[in-house]
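Have a look at the structure below before the remarks.
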Amino acid sequence: MMRVSPQPDATRAATPAAPESVAVRRSILPLLIRFRSLLALLVLVVFLSLATDSFWSEQNLQNVLRQISVNLCLAVGMTLVVLTGGIDLSVGSTLALAAAVTAGLAKGGFRLDRWNTLVEFTPAGAIVAGVLTGLLVGLCNGVAVTVFRLPPFVATLGMLSIARGLTMLWTSGNPIHDLGPVFAFLGNGRLDAIPLLGWVPMPIVVAGLFAAVVAVVADRTRFGRGLYAVGGNERAAALSGLPVAGIKRAAYLWCGGLAGVAGVLLASRLNAATPDAGIGYELDAIAAVVIGGASLSGGRGTVAGTVLGCLLIGVLNIGLVLLDVSPYWQQVIKGLVILAAVALDRATAGRR
Amino acid sequence: MADVSLAVRAGEVVGLFGLMGAGRTELLEALAGLHPGRTTGTLRVDGAVAAIRSPREALAAGIVLAPEDRKADGLVLDASVAKNVSLASLDTLTRFGFVSRRREDSRGRDAVARLGIKTPSIAQAVGALSGGNQQKVVLAKGLACGPRVLLLDEPTRGIDVGAKREIYALIDDLSRQGLAVLVASSELPEVLAISDRILVLAEGRMTAEFTRAEATEQAVLHAAIPRARRTGAVA
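Chains as they are written, first to last, in my numbering: chain A, 1 to 352; chain B, 1001 to 1235.
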């Protein structure tokens, strides 16, 4: 009549103290595992500085940082969504839409046919509109996931297509060129005015600032705590009185907004918005998050880890170019790195 | 469930006994705001009617549920002891959206000391603790909200004997401090040992109420057996 329930946890005492022979393993191995992305990055950097002449050239470092900045924005936003146990496949399309909106408004303004007027935009206004576009897409994703209860994969897959289509509609399928000096500075300028940091490219400054803000948000705020709790155990979070739906919506909102920022950065760097920009970018963003140690099932990961993951992918990308590896092999190698990172994560998950 | 009416006074431990499927968990969950829209009735805390449609509102009304399945419903296993303890009371640690880690850690340390949670540190992931210590973390999380009413669903399930005794002592201690405690359990000896009063559920209905003096194993068990089977046994 009484329930017979297995009692696995009664026998599983808190990890017993290890004897001295294991002590060394316990102190070094976890450290190696914990900082594996950093180690991999260091190994890669050392290898590239030995194997190539140009890795440490100012030109190359600026290239790496410029190229990373777009993925950094996307990946940092993606981290928040992944922490909740979700995913956002729409960031590449969102980036393209935001870039197109910003470029279109900056270039030609917005024509209201009904009143026969043209609303002109300053560069700043156009940038704000682009970021707002990203936020709006993020809001839609969040509502689809929390109100209509669509699985994140499906909801954002739909949005991937919708945002791409809207981009085509907005641009009529044509690229928008020559955005003006503000964008040129944002995309290709440097911190010339600041001593010592004069060589730092603008886009990485912007992306880095956002990454820092998001890192603080994830680590220190109540919202950040909520992200981890919702992803770690959604039922426990709900039972503890946390506004689960609101936390998820906010995560998608951040992610969309940062995709908007990434779109503005990309348009600035290329001095153009093309309707097919950002195709496949979601994969690099997700890869950075995963390489950074986040679990796709949620609840585990850090923004700092994602930043490392971004650096690793960025350095790898450019390293393979410097080494003259064929683009086809580049893709294969990148895929292998992602698999290795996740496999290592799985293999060591029990240690934490 | 239907027609269940109960009162738990401050300083009282009320046992809720029933066989599997009697509705113990459902009753506690309903009180904690987990089944809005599927429940009717009134709930009063300290005489004031509390309209509870979510766990958040239940917490605000001073009602805390320590769920039966602590791993699935109670804890974030990857997160630290300190973070789990503060999970339900984050609002009180937050200023301008930022969580004070200093106050969170001291809340965690207080909980470890007060409940005797055996853990290497408050930074330890709760997933690595034993069942009894995990249960204490669940209780600490609830207590950190400063509740008036404590709903415990099978609080000693899957816990070793020593930790069980500590949980019983804690329940006793909390009721002395003026909390109203409702303990649902399928272990009859446990219910008899810790309750001031015992309510019996069978098939979603309340079938009997005993004071501690009246309660015997036989009487309680008899009230808990579903009616259909009881008549069947006679015939």
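Where a beta carbon is used, it is the ideal one built from N, C-alpha and C, also for glycine. Computed from a prediction, not measured in an experiment: that's the story for all the values here.
| message | Assuming the contact rule is C-beta atoms closer than 8 Å, G104 (chain A) and T167 (chain A) should be a hit. Round their C-beta distance to whole Å, please. | response | Not really, about 10 Å apart at Cβ, beyond 8 Å.
Please list the terminal residues of the continuous beta strand (DSSP E) segment that includes S1020 (chain B).
A small correction: the amino acid at residue 1020 (chain B) is Met; Ser does not occupy that position in the sequence shown. Careful: M1020 (chain B) lies outside any beta strand (DSSP E) and carries neither H nor E.
- Task: Counting only the same chain and skipping the five closest in sequence on each side, list residues whose C-beta sits under 6 Å from that of A245 (chain A).
- Result: The answer, listed in chain order, is T146.
Looking only at its own chain, which residues have a Cβ that is under 8 Å from the Cβ of L38 (chain A), when we skip the five neighbours before and after it?
Cβ neighbours of L38 (chain A) beyond the five flanking positions: L308.
Practice problem: Report the rounded CA-to-CA distance for E1217 (chain B) versus L1188 (chain B), giving the unit in angstroms. | Solution: Near 7 Å, if we compare the C-alpha coordinates of L1188 (chain B) and E1217 (chain B).
- request: Take every Cβ of the region 71-90 of chain A, pair it with every Cβ of the region 281-294 of chain A, and state whether three or more of those distances are shorter than 8 Å.
  value: Segments in contact, yes.
So the candidates are B:K1071, B:G1074 and B:L1090; which of them puts its Cα closest to the Cα of R220 (chain A)? In terms of CA proximity to R220 (chain A), B:L1090 leads the group B:K1071, B:G1074 and B:L1090.
* Inspect the CB distances between the region 268-287 of chain A and the region 173-186 of chain A and report whether three or more fall short of 8 Å. => Judged by Cβ distances under 8 Å, the region 268-287 of chain A makes contact with the region 173-186 of chain A, as three or more pairs qualify.
Worksheet entry | Inter-stretch contact at 8 Å, needing at least 3 Cβ pairs: the region 1129-1147 of chain B / the region 1045-1056 of chain B | Judged by Cβ distances under 8 Å, the region 1129-1147 of chain B makes no contact with the region 1045-1056 of chain B, as fewer than three pairs qualify.
**Request:** Please work out which residues of its chain come closer than 6 Å, Cβ to Cβ, to E1209 (chain B), disregarding the five sequence neighbours upstream and downstream, and give them in chain order.
**Result:** Excluding sequence neighbours, E1209 (chain B) sits near L1199.
Worksheet item: Could you give the distance in angstroms between the alpha-carbon of L1143 (chain B) and the alpha-carbon of R1205 (chain B)?
Response: Straight-line Cα distance between these residues: approximately 30 Å.
*Identify the residues that DSSP records as bridge partners of T221 (chain A): which are they?*
Under DSSP, the beta-bridge partners assigned to T221 (chain A) are B:F1098.
Exercise. Would you call Y328 (chain A) buried or exposed, if buried means 16 or more other Cβ atoms sit within 10 Å of its Cβ?
Worked result: Flag for Y328 (chain A) reads exposed.
- Query: Should E1104 (chain B) be labelled buried (16 or more other beta-carbon atoms within 10 Å of its own) or exposed?
  - Reply: Classification for E1104 (chain B): buried.
field: Rounded C-alpha distance that separates T156 (chain A) from G1074 (chain B)
entry: Here the alpha carbons of G1074 (chain B) and T156 (chain A) stand approximately 30 Å from one another.
* Provide the residue(s) that pair with V1049 (chain B) in DSSP beta bridges, ordered along the chain. => Paired residue(s): B:R1044.
| field | Pick from A:R300, A:C255 and A:R111 that is closest to S93 (chain A), judged by C-alpha positions | value | Distances from the CA of S93 (chain A) to each of A:R300, A:C255 and A:R111 were compared; the closest alpha carbon is that of A:C255.
- Express the C-alpha separation of T52 (chain A) and E58 (chain A) in angstroms, rounding to a whole number. The C-alpha of E58 (chain A) lies about 14 Å from the C-alpha of T52 (chain A).
What does DSSP give as the partner residue(s) for E1209 (chain B) in the beta ladder? Paired residue(s): B:L1199.
Which of the residues in the region 254-271 of chain A, read from start to end, lie with their CB under 9 Å from any CB of chain B?
Interface annotation for the region 254-271 of chain A against chain B: empty, criterion Cβ-Cβ distance under 9 Å.
Quiz item: Hey, out of A:I279, A:K107 and A:V337, whose CA is closest to V70 (chain A)'s CA?
Solution: Minimum Cα-Cα distance from V70 (chain A) among the listed residues A:I279, A:K107 and A:V337 corresponds to A:I279.
Original post:
If you draw a straight line from the alpha carbon of G1132 (chain B) to that of R1165 (chain B), how long is it in whole angstroms?
Top reply: Rounded to the nearest angstrom, the two C-alpha atoms are 10 Å apart.
Pick from B:V1149, B:A1202 and B:R1095 that is closest to G1011 (chain B), judged by C-alpha positions: It is B:V1149 whose Cα lies nearest to the Cα of G1011 (chain B).
Q. Are the C-beta atoms of T397 (chain A) and some chain B residue less than 8 Å apart?
A. Because chain A is modelled from 1 through 352, residue 397 (chain A) falls outside the range shown and cannot be assessed.
Cutting at 6 Å between CB atoms, please list the residues of its own chain near D9 (chain A), excluding the five before and the five after it. Bear in mind that the predicted position of D9 (chain A) carries a pLDDT of just 43, short of 50, making it unreliable; the figure below should be weighed with that in mind. Excluding positions up to five away in sequence, the list is empty.
query: Among A:G158, A:V325, A:S54 and A:G293, which one has its Cα closest to the Cα of L344 (chain A)?
result: Each of A:G158, A:V325, A:S54 and A:G293 was checked against the Cα of L344 (chain A), and the nearest Cα belongs to A:G293.
If you draw a straight line from the C-alpha of L150 (chain A) to the C-alpha of A144 (chain A), how long is it?
Whole-angstrom Cα-Cα distance: 6 Å.
- Query: With 8 Å set as the bound, which would you pick, yes or no: does the beta-carbon of R1074 (chain B) sit closer than that to a beta-carbon of chain A?
  - Reply: Residue identity differs from the one stated: residue 1074 (chain B) is Gly in this sequence, not Arg. So, interface residue.
Taking C-alpha atoms, which residue in A:V342, A:Y228 and A:A285 lies nearest to G298 (chain A)?
Looking at the Cα atoms, A:Y228 is the closest of the given residues.
Is it right to say G1097 (chain B) is buried, meaning 16 or more other beta carbons lie within 10 angstroms of its own, or is it exposed? By the 10 Å Cβ count, G1097 (chain B) comes out exposed.
task = Please say whether L1174 (chain B) and V1183 (chain B) have beta carbons closer to each other than 8 Å?
result = Going by C-beta atoms, V1183 (chain B) is not nearer than 8 Å to L1174 (chain B).
_Does the CB of D1153 (chain B) have a neighbour CB from chain A at under 8 Å?_
Not one chain A Cβ lies under 8 Å of D1153 (chain B).
Inset, instruction - Just tell me which of A:G198, A:R114, A:L322 and A:T306 has its CA closest to the CA of C73 (chain A). - result: Selected option, being the one with the closest Cα: A:T306.
(Q) Using only the alpha-carbon positions, how far apart do G125 (chain A) and K1071 (chain B) sit? (A) Straight across, the Cα-Cα distance linking G125 (chain A) with K1071 (chain B) is about 49 Å.
Problem set entry | Same chain, Cβ closer than 6 Å to R249 (chain A), neighbours up to 5 away in sequence not counted | Once the five neighbours on either side are set aside, the close Cβ partners of R249 (chain A) are G142 and T146.
Review point. Taking the continuous beta strand (DSSP E) assigned at F47 (chain A), which residues delimit it?
Key: Premise fails: F47 (chain A) lies in the alpha helix (DSSP H), R36 to A51, not in any beta strand (DSSP E).
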